[in-house]
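Structure first, then comments.
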Amino acid sequence: MEEHQQTLLNQLREVTGTTDVQLLQEALQVSNGDLAEAVAFLTEKNAKVPQQDEATYYQTAQIANDRYISVGSQADTNVIDLTGDDKDDLQRAIALSLEESNRAFRETGITDEEQAISRVLEASIAENKASLKRTHTEVWSDSPNPHDRKRQENCPVGLKNVGNTCWFSAVIQSLFNLLEFQRLVLHYSPPARMQDLPRNQKEHRNLPFMQELRCLFSLLVGSKRKYVDPTRAVEILKDAFKSSESQQQDVSEFTHKLLDWLEDAFQIKAEEEREGEKPKNPMVELFYGRFLAVGVLEGKKFENTEMFGQYPLQVNGFKDLHECLEAAMIEGEIESLHSADNSAKSGQEHWFTELPPVLTFELSRFEFNQALGRPEKIHNKLEFPSMLYMDRYMDRNRDITRIKREEIRRLKEHLTVLQQRLERYLSYGSGPKRFPLADVLQYAMEFASSKPVCTSPVEDIDTTAPPGGTTAQVPPAASLGEQPDASLSAEGSGSGQQAQQQQQRVPIHKPFTQSRVPLDLPMHPAPRHVTEEELRVLEGCLHRWRSEVENDTRDLQASISRIHRTIELMYSDKSMMQVPYRLHAVLVHEGQANAGHYWAYIYDPHHRRWMKYNDISVTKSSWEELVRDSFGGYRNASAYCLMYIDDKKPFLIEEEFDKETGQMLSGLDKLPPDLKEYVEADNKLFVREMEEWDALQAHKLQQEKLALAAASSVAAQPMSTEPCPQDDTGAPQQEPEYMEQQSPTGDAKHLQEDTERAISKAAAEHDEKSPEALLNTAMKVEYTRLLRFAQEDTPPERDYRLQHVIVYFIQNQAPKKILERTLLMQFADRNLGFDERCKNIMKVARAKLELIKPDEVNMEEYEVWHQDYRNFRDTTVFLLFGLELFLKKSYVEGLMYLIYTYQYNKELLVKGPYRGHDEELIAHYRRECLLKLNEHAAALFETGEENEVNAGLSIMNELVVTCIPLLLVDELEEKDMVAVEDMRNRWCSYLGQEMEPNLQEKLTDFLPKLLDCSTEIKSFHDPPKLPSYSTLELCERFSRVMTSLTQSRTPADGR
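Residue numbers (the working numbering): 202 to 1256.
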């Protein structure tokens, strides 16, 4: 509590500028710890304080404690000296602070409270990075490739979020991992009369839900899928809530309703099985306990036994779970409970008589703000232990607990006295500024020991001053707003004229010119007169007093520490550690009261580690991560539900064993026959889906090979003016489209010119005129040229990889045989010039291609390399379109191109750093597109017009929200994380603003989607169709757009 109070004091001091600790404490007491009310208390009198005019303020400054104002600078009325005891200064400081706050609100429309919330959200970016990063294997969600959705061995199964249902996933996973509860659900059999009609409403609703829950649990046990779909169970629940599908339900209400339904379903079965006997409901025995309410009502004592399920606890004002429990167990005035007199006071105590095996605490982290008219989340820090001992709350320990509580109360009273005494030592003084007393005595000792060192008075006097020494320097005219009087420096002026000048100077107060510096002013503070005897006595006293103060301070601090330790160990004896409860699950909420995301931390006792269940993502975690996300206090995530289990009842989490073999049951063996059949059927469907996918991919690959082979027959025909029969011995593969076209235009013409230049250069250098020798030389010349391009460090607008496939191959270290065959394909082009030399070289090249044996060049590898290059060119076209559209401010169209660019480029970069383009550049413009669209959508929402609002929300739902998981999935992109937080904060800022009810409803409906932290990627449309470009045109357009980006000083593309 003291740490919390000190935090509030610091915040209040920062907001108001008030340093008087007593005044700050009084404000907090009056406001009951409410920071806003405390600020209002300190500032409510400020409006009544009249503002002093400038001259009066200057005069006051001169009179009070010789506070001088420098000549040459106009005093700032906003700078206030709070070192004195002037209460007006203090009030003006508070008034200025309030005015500053109001001005900020007028300029930004954001209150101090909302700014504080915003600061908390911003601070959470760095600390909450781990919670935004998810282990994610799928590339597109509900990826078309079922292998991406395949469950890893022994990995828990996740639950798909089917529309604001993260609350469902968190609760269901926590219950499912209670193995006793899991067994109860899986082995539940519907009552025999279930098929009888008519049935009552409960049976009509609860029994179908129970069936769906059994199916869902069975899939969580034995599915081969990474995650399963809970839609059917969720729909039954949502129908019961009678709400729209998009509304996010209150988790506490849902959990209560879920347990009620399960209790009803088991009650029906229990009544059928035990007719004539009192039925036992396993849900009641597992989740419900009893407590004894002992109290006094209007002077009359009473005792009542009550049943409870989830036990509610208030969070506000408490630092840990035991403080919450202590407060919840005592209500009202209870002094009369322990006395014999018949007092009129009312109050009660709660004592647990029977605790359930599964003890659930519901933490009340939401409260309704009457002033703002909306619910708010309590972000206060609340600590809770991994092992909770409940002995002190049991009825059988009532007497000893009361004794210990009384002892703790007495110790806390004594602690308060000691802390007050310590505060007097640490904050000594009667004014607003206080210091440790030991330091004050040390300063006094240093002052007494100082020796005065005087300066020469001549050094401090202006030698240009007029004779008589009646005036000092004349301040600059601009400083005081007046022109210097020329007569001040005139020699031999008359006395009447001097008197007139004196009269003119009287109304303008100049404290420095009228207060001469004493001739013996020391350079630093020091005693003027002190004898050796006085100094010796004074130093002895100060030294002795300082030692006494330091000893007293240490004794007080040691006593306070001992009391704290005594209180902490009050219940640590073995007699009060006989009812241990171990933490099983923590359900966490991140966000604000109206919107947010839920997940769960669940302990795995068999592997002795914590697991994090976040919708489809199930990852290993740690106690440290749980503490960071669950305690609250420094970010917008905190626990709202704690589930403890009786540590002396291991059956709750024990696995089931086969009665005959003694082997532990796992997987499908844990399921009853009907559910085993159900899961096997679903697994067969999934296996069939994977097989169909594999067959489809194999078919596509075969079709590509057949198409390539068919096309190669055309390329196999020899170059001739007359038709020739096809050579049956085989033919070279058809050149890719970027190496050969059907006509000597485009890429073929560009490649043909390069080839002919190489042949001409080879002919000039080579004396031997044989075609084979010319071919070899020409290939060396061309390879040398391309190698130089590959090794050259070029700017991003001149990417030689786009100009020739060989450059791409060299940079990515393609095998030598692949390079040779690709060069041969270039020289075997039938579109070469028609002179005899080129024709002969082309024939030699084609002959060499035919002589290449299958074992010399792996054609599959050859095709893969060329397919990779085609993918690189396609990715370049996607990037080109995306950047061109971005520069045209067509962000909607540009975003889709950049999304596919990033994905395809990422797949290329997996094989090597030079396979694709600069990932940072693509990520930057993808991120900028989303930020621009977010701002545009927010601007449309702010108009309040129905059509504009709908258009803005449509942009957010269809584009921004859909793409946010793409930014969260990559752990290396911190800028993407920051951008996501910026977009979310932009919309969360509307929560504190006045708006029409229909806008508030739309915002409440939209925010849960925006704040959903899962990285489940929604499906996208098919990628846009790309036109084909010649190499020359592609290089020119790419160069233009990259040059435009460079001129705009944006990140450059670098390989």
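Ideal Cβ positions, reconstructed from N, Cα and C, are used throughout, including at glycine.
Element boundaries [beta strand (DSSP E), containing residue i]
i	result
proline 513	511-515
asparagine 346	That residue, asparagine 346, is in no beta strand (DSSP E); it is neither H nor E in DSSP.
histidine 551	548-555
arginine 755	From DSSP, arginine 755 is part of no beta strand (DSSP E) but of the alpha helix (DSSP H) over 733-769.
methionine 812	810-815
Residue(s) in a DSSP beta bridge with residue i
i	result
cysteine 842	Glu563 and Leu788
glycine 490	Phe509
glycine 496	Phe503 and Gln549
arginine 783	Met588 and Ile846
phenylalanine 858	Met865
tyrosine 804	Trp811
aspartate 521	Glu584
arginine 426	Lys351
Continuous alpha helix (DSSP H) stretch holding residue i: start and end
i	result
methionine 1060	1060-1088
leucine 1262	With the chain represented from 202 up to 1256, any question about residue 1262 goes unanswered, as that position is not in the structure.
serine 1153	What sits at residue 1153 in the sequence shown is glycine, not serine. Its alpha helix (DSSP H) spans residues 1147-1156.
threonine 820	Not the alpha helix (DSSP H): threonine 820 falls in the beta strand (DSSP E), residues 818-821.
valine 618	599-627
phenylalanine 648	638-650
glutamate 826	824-831
glutamate 1021	1017-1028
asparagine 1186	1175-1189
proline 1228	From DSSP, proline 1228 is part of no alpha helix (DSSP H); its letter is neither H nor E.
serine 390	Segment: none, serine 390 is in no alpha helix (DSSP H) and carries neither H nor E.
Candidates the options: closest to residue i by CA position
i	options	result
isoleucine 846	Pro557, Ile1123 and Glu584	Pro557
alanine 840	Asp349, Val231, Pro997 and Val372	Val372
alanine 727	Ser651, Arg745, Ser762 and Gly792	Ser651
serine 961	Glu998, Ile1042 and Lys361	Ile1042
cysteine 367	Glu584, Lys813, Tyr804 and Ser762	Lys813
phenylalanine 382	Val559, Val429 and Glu825	Val559
serine 1231	Arg1022, Thr1163, Asn1148 and Thr1077	Thr1077
arginine 1047	Cys1130, Gly833, Asp848 and Pro972	Pro972
threonine 820	Asp349, Val358, Ser344 and Ala239	Val358
asparagine 482	Val386, Leu612, Ala1152 and His1067	Val386
phenylalanine 418	Ser370, Phe887 and Glu998	Ser370
lysine 425	Glu354, Asp848 and Met1196	Glu354
leucine 360	Pro391, Cys742, Pro409 and Val422	Val422
Residue i (DSSP reduced to helix, strand or coil)
i	result
asparagine 279	A caution first: asparagine 279 carries a pLDDT of 41, below 50, which makes its placement in the model unreliable, though a value can still be read off. Asparagine 279: coil per DSSP, three-state reduction.
proline 357	coil
leucine 583	coil
phenylalanine 1239	helix
aspartate 461	helix
leucine 333	Since pLDDT at leucine 333 reaches only 38, below the 50 mark, its modelled position is unreliable, and no value is offered.
histidine 798	strand
tyrosine 772	coil
methionine 1196	coil
isoleucine 1053	coil
tyrosine 594	helix
glutamate 577	strand
glutamate 993	coil
glutamate 568	strand
Sub-8 Å separation of residue i and residue j beta-carbons
i	j	result
tyrosine 590	methionine 777	yes
leucine 1212	tyrosine 1191	no
phenylalanine 562	tyrosine 512	yes
valine 641	tyrosine 629	yes
leucine 853	leucine 379	yes
arginine 566	lysine 578	yes
phenylalanine 467	glycine 490	no
alanine 639	arginine 747	yes
glutamate 1057	lysine 1090	no
isoleucine 764	histidine 615	yes
methionine 844	histidine 808	no
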